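Numbering (my numbering), first residue to last: 544 to 918. Yeah, the Cβ is synthetic: ideal placement off N, Cα and C, and Gly gets one too. All figures in this text were calculated on a predicted structure; none of them were measured in a lab.
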């Protein structure tokens, strides 16, 4: 397969359906964080950790609506065209380069976390670079055919979400909901930290401007689709966190790095002996789809800096950077800490500040439009 020739087909000529848009959004959101989010939230707010998750979920809905409003004000324009239209050529190009770096950093985080987890639970003797290569090759194939192939692959794997939801029911076997009490005891600062963690985990709404302009259907239909997808993700996260909290309680959960897997480790069924391993195998699909989304986003960001017809060569270069930095990050905890710290420092700018500024500037664009102009 000549991947370079395939990727030369413009995404502007490719269209996806509303349901495919929903599946892309869901699988871009659910990545590596689903396995350890319970621990992170409990460290932030104790037994009340599910409350900032709920609040953060509502805030993510606001950001989704903001992104959809931006899309309406800039019809047919993707994220990087919107940046240039809003900020001008120079600042728009600078923001575009910034997003390229941000998408690569997220991809590095996803790849490093995936390799560490698989190395720990499934393949301890396998060189980490081999695990990285397997995920990158899978992602490269997924994005090689452009937006339509991405949509088809993500749609095909969407059933895994429902299988995982069903398997997580085993966590209720030894659950004690008294562990969720008392409610409202965490300090205000703890809720703020929990909300920040939640928004980081749900920040893939930024990718909407890469997909919505190329989706068939009216603007209202697109809004209903992405809101429905966002609610599914929010519910799945809330469901997972509450099950984990109720299963382990405060004394245990803060000392467990992947509570979902440990919760299922002792569960047994007639059909599946090690449910935790089965879940981890299915989770690798979500790791791949989330990674593919950000690798595709990085390619889209760089494709116009300058204009390049060698799009897959850009992807190969980005993949090499991601693997190299991930390998460096996986050498020790200190290196990994540097990657996470850098991601934390830039995430606010690219997931909250710039989208909010684009949203505010979109009202000026509407005001500048002559009366009777198409909206």
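Rounded to whole angstroms, what is the Cα-Cα separation between residue i and residue j?
i	j	result
residue 755	residue 697	15 angstroms
residue 869	residue 906	40 angstroms
residue 680	residue 766	33 angstroms
residue 663	residue 804	12 angstroms
residue 666	residue 659	10 angstroms
residue 784	residue 592	8 angstroms
residue 801	residue 863	29 angstroms
residue 707	residue 826	8 angstroms
residue 892	residue 820	37 angstroms
residue 732	residue 587	9 angstroms
residue 617	residue 636	17 angstroms
residue 715	residue 789	8 angstroms
residue 676	residue 670	10 angstroms
residue 623	residue 751	12 angstroms
residue 889	residue 640	13 angstroms
residue 557	residue 877	43 angstroms
residue 798	residue 590	14 angstroms
residue 584	residue 781	11 angstroms
residue 729	residue 793	13 angstroms
residue 895	residue 704	27 angstroms
residue 657	residue 885	18 angstroms
residue 833	residue 651	11 angstroms
residue 745	residue 699	22 angstroms
residue 809	residue 887	34 angstroms
residue 690	residue 632	26 angstroms
residue 649	residue 672	18 angstroms
residue 860	residue 806	39 angstroms
residue 761	residue 573	26 angstroms
residue 567	residue 694	6 angstroms
residue 734	residue 594	8 angstroms
residue 919	residue 856	Summary: the structure shown does not reach residue 919, with the chain confined to residues 544 through 918, and so no result is reported for it.
residue 630	residue 836	25 angstroms
residue 726	residue 786	16 angstroms
residue 736	residue 600	14 angstroms
residue 615	residue 709	37 angstroms
residue 795	residue 815	26 angstroms
residue 844	residue 643	5 angstroms
residue 748	residue 778	16 angstroms
residue 771	residue 607	11 angstroms
residue 678	residue 712	28 angstroms
residue 842	residue 687	11 angstroms
residue 817	residue 701	22 angstroms
residue 828	residue 904	38 angstroms
residue 628	residue 605	23 angstroms
residue 872	residue 724	38 angstroms
residue 668	residue 791	30 angstroms
residue 575	residue 743	12 angstroms
residue 519	residue 846	Coverage of the chain is limited to positions 544 through 918, which leaves residue 519 absent and any answer about it impossible.
From the DSSP secondary-structure annotation, give me the bridge partner or partners of residue i.
i	result
residue 758	559
Pop quiz: residue i and residue j are said to be a contact at Cβ under 8 angstroms. What is the actual Cβ separation, rounded to whole angstroms?
i	j	result
residue 764	residue 561	6 angstroms
residue 741	residue 596	5 angstroms
residue 902	residue 613	6 angstroms
residue 653	residue 824	Not confirmed; about 17 angstroms, so no contact.
residue 626	residue 638	5 angstroms
residue 655	residue 882	7 angstroms
residue 569	residue 775	6 angstroms
residue 858	residue 838	7 angstroms
residue 598	residue 758	With 8 angstroms as the limit, residue 598 and residue 758 do not qualify as a contact, their Cβ atoms being about 29 angstroms apart.
residue 571	residue 773	Residue 571 to residue 773, Cβ: 11 angstroms. No contact.
residue 840	residue 753	6 angstroms
residue 929	residue 564	Given that the chain is displayed from residue 544 to residue 918, the structure contains no residue 929 and the question cannot be resolved.
residue 692	residue 685	7 angstroms
residue 898	residue 610	6 angstroms
With a threshold of 7 angstroms, establish whether the CB of residue i neighbours any heavy atom of the ligand SAM.
i	result
residue 714	With respect to the ligand SAM, the structure shown offers nothing to examine, as it has no ligands at all.
Would you call the region 717-725 and the region 579-588 touching, i.e. three or more CB-CB distances under 8 angstroms?
No: fewer than three Cβ pairs fall under 8 angstroms.
Runs of 4 residues minimum, wholly inside the region 608-651: which ones carry the alpha helix (DSSP H) assignment?
Look at the region 608-651 and you find these whole runs of alpha helix (DSSP H), each 4 residues long or longer: 622-630.
Write down every uninterrupted run of the alpha helix (DSSP H) in the region 764-798 whose length is 4 residues or greater and which is fully enclosed by it, in chain order.
793-796, all fully within the region 764-798.
Continuous alpha helix (DSSP H) assignments of at least 4 residues falling wholly in the region 814-880:
You should have 818-846, 854-872.
Which runs of the alpha helix (DSSP H) spanning at least 4 residues fall entirely within the region 703-757, listed in chain order?
Qualifying alpha helix (DSSP H) stretches, in chain order: 731-744, 751-754.
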